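Encoded as structure tokens, the structure appears first; notes follow it.
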Amino acid sequence: MKKIVYTVCSANHLAHCKTMANSFVQYNPGYELYIFLIDQVNSRFNLNSFSPYKVLEISEINVPDFDLMAAQYSVIELNCAMKPFVAQWLFAQYQPDLLLYIDSDTLVFSSFEEVEKSLLENDLVITPHFTHPYPDNHLLPRERDILRSGLYNAGFIGMRNSANTNHFLSWWAGHMKSECYYNFAEGMGVDQIWINLVPLLFKGVQINSDPGLNVAYWNLHERKISIRDGSYWVNNEYPLVFLHISGYQFNEPFNISRHQNRYSFTDHLVLQDLFALYIDKVKENGYDFYSSLSCAYATPKKKSRGIMKTLNQLIKPLGIKISDL
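Take any residue in the sequence shown, note its place counting from 1, add 380, and you have its number in the working numbering.
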């Protein structure tokens with residue numbers, strides 16, 4: 381069985397990518413791993429330093445209308461938009477039986493064996509942000525925040541090589557050409573918001589609620605990490621497969637994520653240790669150098685779209701502008 385895992389990032393996240401890659405292959409040695417650079421090297425660094433992983437510049441795969449997308453999207457929007465195009469290219473070029481997408485800000489702790497078993501019977505595996513209600517208070521995130529950003533997390537998707545999967549990728553890529561941007565007032569949450577529709581529009585989709593998958597700030601109210609016999613467990617029952625370190629900022633080391641204020645590390649002491657481990661690994665892999673690099677495709681200024689554009693036109697005489705979210 382041929383298995384490939386891939387991620388996408390701009391140059392400033394390459395230290396994160398290498399950290400994710402090292403942790404993934406440690407527990408999943410049967411995969412080929414690809415890093416797609418949504419950027420240009422421009423002699424700024426040596427791609428050979430990422431061996432044995434394969435790093436390709438996005439220009440090498442000839443994404444249709446890429447220049448148009450690069451002109452309209454911010455760096456993070458452009459990275460998100462590339463996910464289905466890269467998956468299509470990998471399927472066409474290498475014909476893997478299984479293809480996994482994993483975000484670069486991820487740390488893997490065990491085998492994806494159960495995901496592989498799921499993909500023997502399903503074409504797509506996605507993970508929900510959470511499966512239990514949040515406590516009834518005003519702390520962040522709230523359930524309405526999840527509603528507007530997407531029910532499922534697009535930082536991980538498992539795919540089996542099938543006509544159904546190809547149909548899904550074509551549909552997703554179609555939306556990514558012009559509808560992969562942040563504007564919560566318009567209900568737009570980049571690539572992720574579209575995954576809401578996937579269980580409705582496509583067959584063979586498993587919503588995998590394994591608590592060990594995709595542990596992150598958005599589900600800490602229902603998942604507690606502990607350590608036993610040298611291994612990490614979620615809720616004392618499920619092996620921790622991967623931790624998604626979303627929204628963490630190295631210049632704010634005591635904040636789990638800039639997107640939340642529900643929990644601190646004092647609530648999750650084992651999590652604090654894992655974040656410390658992650659920080660050390662990312663720094664060892666060149667964080668200080670790579671994090672300072674700018675993206676060749678960076679859009680210098682976001683333009684308002686849709687209702688936000690209309691509102692800005694109406695209030696322009698007042699000297700006020702509402703920024704896109």
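Quick reminder that beta carbons are idealized off the backbone N, C-alpha and C, glycines included. Treat the numbers as computed from the prediction; the structure is a model and nothing was measured.
- Message: At the level of alpha carbons, what is the spacing between Phe-630 and Glu-457?
- Response: Rounded to whole angstroms, Phe-630 to Glu-457 spans 21 Å at the Cα level.
- Message: Applying the 10 Å Cβ sphere with the 16-neighbour rule, what's the burial state of Pro-432?
- Response: Under this definition Pro-432 is an exposed residue.
- Cut-off 7 Å between Cβ atoms - residues of its own chain near Pro-508, not counting five sequence neighbours on either side: For Pro-508, where only same-chain residues beyond five positions count, the Cβ hits under 7 Å are Leu-531, Tyr-532, Ile-587 and Ser-589.
- Once you ignore the five residues that flank His-512 on each side, which residues in its own chain have a CB closer than 6 Å to its CB? Excluding sequence neighbours, His-512 sits near Glu-602.
- Once you ignore the five residues that flank Ser-606 on each side, which residues in its own chain have a CB closer than 7 Å to its CB? Sequence-distant partners of Ser-606 (beyond 5 residues in either direction) whose C-beta falls short of 7 Å from its own C-beta, in its chain, are Trp-613, Asn-616 and Val-650.
- Task: Report buried or exposed for Asp-419, applying the criterion of at least 16 other Cβ atoms within 10 angstroms of its Cβ.
- Result: Taking every protein chain shown into account, the CB of Asp-419 has 16 or more other CB atoms within 10 angstroms, so this residue is buried.
- Query: Using a Cβ-Cβ distance under 7 Å, would Leu-620 count as near chain D?
  - Reply: Absent from the structure is chain D; it holds one protein chain and no more.
- Task: On a CA-only basis, which of Phe-425, Val-455, Ser-558 and Val-662 is nearest Asp-485? Give me that one, please.
- Result: Asp-485 has its Cα closest to that of Val-662, out of Phe-425, Val-455, Ser-558 and Val-662.
- Query: Under the rule that 16 or more other beta-carbon atoms within 10 Å means buried, what is Phe-634, buried or exposed?
  - Reply: Label assigned to Phe-634: exposed.
- Query: What is the DSSP secondary structure of Gly-535, counted as helix, strand or coil?
  - Reply: Per DSSP, reduced to three states, the secondary structure at Gly-535 is strand.
- Query: DSSP state of His-512, grouped into three classes?
  - Reply: Residue state, collapsed to three classes: coil.
- Query: Under the three-state reduction of DSSP, which class applies to Ser-684: helix, strand or coil?
  - Reply: For Ser-684, the predicted structure reports a pLDDT of 49, less than 50, and the residue's modelled location is therefore unreliable. A value from the coordinates is still provided. In the three-state DSSP reduction, Ser-684 falls in the coil class, being neither helix nor strand.
- Task: Counting only the same chain and skipping the five closest in sequence on each side, list residues whose C-beta sits under 7 Å from that of Ser-490.
- Result: Excluding sequence neighbours, Ser-490 sits near Tyr-407, Pro-619, Leu-620 and Val-621.
- Task: Leaving out five residues on either side along the sequence, give the residues of the same chain with a beta carbon under 7 Å from the beta carbon of Ser-522.
- Result: Sequence inspection shows Arg at residue 522; the Ser mentioned does not correspond to that position. Within the same chain, Arg-522 has close Cβ partners Tyr-514.
- Task: Rank Tyr-643, Met-381, Ala-676 and Ser-626 by C-alpha distance to the C-alpha of Ile-659 and give the top, closest one.
- Result: Put simply, of Tyr-643, Met-381, Ala-676 and Ser-626 the residue whose alpha carbon is nearest the alpha carbon of Ile-659 is Ser-626.
- Item | Residues near His-624 in its chain [Cβ-Cβ closer than 6 Å; skip 5 each side] | Correct list, in chain order: Thr-486, Gly-535, Asn-594 and Ala-596.
- Can you say whether Ser-637 is buried or exposed, counting buried as having 16 or more other CB atoms within 10 angstroms of its CB? It counts as buried.
- Please confirm whether Ala-553 and Pro-464 have their CB atoms less than 7 Å apart. Less than 7 Å divides the Cβ of Ala-553 from the Cβ of Pro-464.
- Message: Which of the three DSSP states is assigned to Gln-586 in this structure?
- Response: Correct three-state label for Gln-586: strand.
- Skipping 5 residues on each side, what residues in its chain have a beta carbon closer than 7 Å to that of Pro-476? Non-local beta-carbon contacts of Pro-476 in its own chain, meaning distances under 7 Å to residues more than five positions away in sequence, involve Lys-382, Lys-383, Ile-384, Leu-470 and Asn-541 in chain order.
- Every unbroken beta strand (DSSP E) within the region 617-657, with a cutoff of 3 residues, ordered by chain: The region 617-657 contains these whole beta strand (DSSP E) runs: 622-624.
- Can you name, in chain order, every residue of its own chain whose Cβ lies under 8 Å from the Cβ of His-648, other than the five neighbours on each side? Setting aside the 5 residues that flank it on each side, His-648 is surrounded in the same chain by Leu-600, Lys-604, Ile-605 and Ile-636, each with a C-beta closer than 8 Å to its C-beta; the list follows chain order.
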